[in-house]
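Residue numbers for the sequence shown, in mature numbering (1 follows the signal peptide of the UniProt record, and there is no 0): -28 to -1, 1 to 536.
The block underneath contains the structure these notes are about, expressed in structure tokens.
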Amino acid sequence: MGRPNRGFLARRALAGALLLLFALAVQAAEQPGRAAIASAHPAATVAGQETLSQGGNAFDAAVAIAAALAVVEPYGSGLGGGGFFLLREAGEQPSYRFLDARERAPLAAHTDLYRRDGEVQPALSLNGALAAAIPGLPAALVELAQRFGRLPLRDALAPAIRLARDGVAIDRVYRERAGWRLAALRDDPESARIFLDQGEVPAEFALLRQPELAVTLERLAREGRAGFYGGETAERLVRGVRAAGGIWAQRDLDDYRVVERQPLRVTLADKRELIGAPPPSAGGIALGQSLLMLQRLPWRQADAVQRSHLVVEALRRAYRDRGLLGDPDFVADPTAQLLAPAYLERLMASIDPQRATPSSSLPPAGDWHEGDHTTHFTVLDAEGNAVAATLSINLPFGAAFTVPGTGVLLNDEMDDFAADVQGANAYGLAGSQANAIAAGKRPLSSMSPTFIEGADAFASFGTPGGSRIPSMVLLAILEYLDGQPIERWPSVPRYHHQYRPDVIEHEPDAFDPTQIAALEGLGHELKTVNRQYGNQQVLFWDKRAGRVEAASDPRGIGTGVVSP
């Protein structure tokens, strides 16, 4: 048998080289090769970068970023709060997970918790120890590190501990939020001592030091879950809450668990997929419904006024259905029905392209026979692991109650329940029986960490903003689907409709006078919000071009960075 000729060998070598190049191209598509972070505060972004540089993955970085935000943004999140974590695990076929670290009602909670002499007293669910649900963020940090991370928890928490101990400069956002909640912060001696200066909003660039919080973080780093939900920290939390009129017990802390839920997954018309937050988030379903309706409507071809009209009409119907949602561990989950094609066709058919639909004229929700401040970050590592996380303590500075000796500022997430099923919460969202207070239940939330992924690209979205979160994320996603550059996604002017009140709220620069007149001519009522709102954090991975980008909302002080 003769030896192969040189031509044959050359062809075989060329084929092998082509196969190698193909394999490398496939690998490149599966791995971005660069890391990206967008967070609401520069110190948190740096904490994530530091953790990645030490060999951590996106999940380790998420722990570092979330913990750092808990220190530098006490008005938006903290160990006394909770949140949602949407995860992407890299691989030839990526997998997605959703960690529900939402706060739980204390076991002594009941439907009349905030009722006095037959009347609901809203202040009781907003300020003070009685307003606080059981925190979930500490448990989520431990779970992320232990189940998904590569570094010891103490390494991921080190930047936050340093920030709490050494201090962080007061910025303009801190001063604004503290001004909003000044009276409530003054009412609690411990909060006033830590977060105010002689009872006033601290000066810009003054140092915020939180040594008690540093000790609490160190205990969490050293002991894991038991360092917060047991031992000395737990004893102080329960004792402090009860002394201030709250109803926590040690069993509440013992029983708290992060719940892993199936992420919401919605296939869009162009074969991209929305991966988002399931109940107890109402935001994921609102986004899914809105996008599925809009893709059947000519929103891309419409002029600015007509596009806004179509978006508002989709949001009106999606927010109406919010009343059917609650903690899926307590009430039936209607997700499948609300996203069913036949149901969405009926919703879309009720949209008049030339006229606003009065909310009062729509049939009852599901007729198919949420704080003004929160925080959000997103991180992608070089291998393609990613996290989008929205964290909250509800209103700015939560319940404005800090447990003595812990540095832990507590949430006021109990207001996200329907204390009065016939009324509304602090965001004007209507109450519902599905979201009524019950022992151990998680309140409904608007938080909407979101991925959109297809064969060619991956994008991540999320923002704080209470009831306006889904509309903000929707507007950013539409910019992405419309091919706009990433800087446009978080900066797009914002408008919002949440079914009731029946009004379009909008930023001052969202519409010009001619557009306002045209929308009013279609039957819409408009109301200017006299400030910009939200703080969107986004990132993008173009798999074909091998390009990674990140962007932070220009309304805030955050940063988006890409690193090798």
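Glycine is no exception: its CB is placed at the ideal position from the N, C-alpha and C atoms.
From a predicted model like this one, the values you see are computed outputs, not experimental measurements.
Burial state of residue i, where buried means 16 or more other Cβ atoms lie within 10 Å
| i | result |
| --- | --- |
| Q470 | buried |
| F177 | exposed |
| L(-9) | For L(-9), the pLDDT reaches just 47, beneath the cut-off of 50, and the residue's location in the model is therefore unreliable, although a value from the coordinates is still provided. Exposed. |
| S67 | exposed |
| A321 | exposed |
| R153 | buried |
| L179 | exposed |
| A241 | exposed |
| R414 | buried |
| Q261 | buried |
| G28 | buried |
| A(-4) | Legend: pLDDT at A(-4) = 46, less than 50; position of this residue unreliable, no value from coordinates given. |
| S333 | exposed |
| P462 | buried |
| S25 | exposed |
Selected residue, minimal CA-CA separation from residue i, among the options
| i | options | result |
| --- | --- | --- |
| E204 | A249, G217, G218, L189 | L189 |
| Q118 | P46, R197, Q234, H82 | R197 |
| G108 | V510, G412, A517 | G412 |
| G438 | A406, L282, L263, A254 | A254 |
| L157 | D143, V145, V173, I142 | V173 |
| P183 | A132, D159, V213 | A132 |
| A410 | S332, I166, Y86, L352 | Y86 |
| Y452 | L246, F349, D474 | L246 |
| G356 | P536, G53, P368, S443 | P536 |
| A95 | G518, P526, M386, V351 | M386 |
| G493 | R233, R327, R460, L129 | R327 |
| M265 | V44, R223, L450 | L450 |
| residue 545 | P110, D484, F369 | Any question about residue 545 goes unanswered here, given that the chain covers just -28 to 536. |
| residue 542 | A408, A215, I476, P110 | For residue 542 there is no data in the structure shown, the boundaries of the chain being -28 and 536. |
| E479 | L236, P485, A390, K499 | K499 |
| L102 | R214, R440, T350, T378 | R214 |
| E64 | R527, A391, K515, W271 | K515 |
| L263 | S524, D525, M444 | M444 |
Residue j beta carbon less than 9 Å from that of residue i
| i | j | result |
| --- | --- | --- |
| R60 | E521 | no |
| A16 | N383 | no |
| A7 | V534 | yes |
| T307 | P376 | no |
| A33 | G20 | yes |
| R268 | L310 | no |
| G100 | G248 | no |
| D293 | A258 | yes |
| S420 | G532 | no |
| V464 | A10 | no |
| L71 | F57 | yes |
| L363 | A372 | no |
| F167 | A150 | yes |
| R112 | G54 | Looking at the sequence shown, residue 112 is not Arg but Ala. Yes. Within cutoff. |
| G518 | G5 | yes |
| L41 | H281 | no |
Cross-strand partners of residue i (DSSP beta bridge)
| i | result |
| --- | --- |
| Y68 | R60 |
| residue 554 | Limits of the chain in this structure are -28 at one end and 536 at the other, which puts residue 554 out of reach. |
| L352 | A8, A358 |
| D324 | R327 |
| R237 | I247 |
| Y467 | H478 |
| P523 | A quick correction: the sequence has Ala, not Pro, at residue 523. A523 is bridged to V510. |
| A390 | A408 |
Residue i beta carbon near the ligand COA (any heavy atom closer than 8 Å)
| i | result |
| --- | --- |
| G377 | Summarising the ligand content, the structure contains no ligands, and the ligand COA is consequently not present. |
Residue i, DSSP secondary structure in three states
| i | result |
| --- | --- |
| H496 | coil |
| V277 | helix |
| A517 | coil |
| V230 | coil |
| T435 | coil |
| Q267 | coil |
| T83 | coil |
| D474 | coil |
| V92 | strand |
| R503 | coil |
| G412 | coil |
| R76 | strand |
| D169 | strand |
| V534 | strand |
| P510 | For clarity, residue 510 is Val in the given sequence; the question names Pro instead. In the structure shown, V510 sits in a strand (DSSP, three-state: E or B). |
| F302 | coil |
| S420 | coil |
| F430 | strand |
| S253 | strand |
is_contact[residue i, chain C] using C-beta, thresh 9 Å
| i | result |
| --- | --- |
| R69 | The structure shown contains no chain C; it is built from a single protein chain. |
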